[in-house]
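If you count the sequence shown from 1, position 165 lands on 244 in my numbering, and the numbers rise without skipping.
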Amino acid sequence: MMIRLFMLLVLAFYLSSCSLFGGASYKEQQEVKSQVMKLLEEEYKQPFKLENFEYKYETHYEYSFFWINWETYGTYHFEIQAVDNPIIELEFEIKDKNKESIKEVVDSFKKNQLKEVYCVGLIKYYGKNLETNTKVKEPITSNNREYCDKNYFNLADNSFVVRLYDNRYKK
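Right, here's the structure in full:
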């Protein structure tokens, strides 16, 4: 009985200590932050200001009807403001799950998120205005909308929030 209890304690300590070690070092976190900011400025040809940055290395749980899956990995959380375009606020996360290097983390962001974070920020702006029953700022919003429609995806076709806003205010 004591051996089982001891083994259980050792196993519990081992599993709990997994989340205490690992993850990206401070230097690696700063490198990811720097490269992501550089990519945003190159892609959208404007300066951005980092409002908040956080890295958490923790266990993430996925629940199913019959079992619980868990994995431990890091998440980079960014909150960024467009300097020349204050209506654009970007908030997104990058997960380093299954990524072995900084390059893989940054390449994953570039491939999967870079092209849409700006336009998602614009969609959130439309959503805030819908909630408060206010009209969006013009001509800034129209210019941004044209940019997203032309370069990435048509906002009205791909966002319920934008369609709802258009139906309410553009009649």
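Backbone N, C-alpha and C fix where the C-beta goes; we use that ideal spot for every residue, glycine too.
**Study point:** Cβ distance (whole Å) where Leu201 is taken to contact Leu234 below 8 Å
**Key:** Cβ atoms of Leu201 and Leu234 come within 8 Å of each other, at about 7 Å.
Review point. Is Ser95 helix, strand or coil when you go by DSSP?
Key: At Ser95 the pLDDT is 48, less than 50, meaning the model places this residue with poor confidence; the figure from the coordinates comes in the next sentence. Looking at Ser95 - three-state DSSP - the assignment turns out to be helix.
Review point. Can the beta-carbon of Ile181 be found closer than 8 Å to that of Glu121?
Key: Not closer than 8 Å, so no.
Review point. Given 8 Å as the limit, is there contact between the segment 216-234 and the segment 181-201, that is, 3 or more CB pairs closer than that?
Key: At 8 Å Cβ cutoff, the stretches touch.
Review point. Is the beta carbon of Lys174 sitting closer than 8 Å to the one on Tyr152?
Key: Contact: yes.
Review point. Tell me which same chain residues have a C-beta within less than 8 Å of the C-beta of Lys214, skipping the five on either side of it?
Key: Same-chain partners within the cutoff: Asn208 and Tyr248.
Exercise for review: Report yes if the CB atom of Phe127 is closer than 8 Å to the CB atom of Gln160, and no otherwise.
Suggested key: Contact: yes.
Check your understanding: CB Thr220 to CB Ile166, shorter than 8 Å?
Key -> Note that the C-beta distance between Thr220 and Ile166 is below 8 Å.
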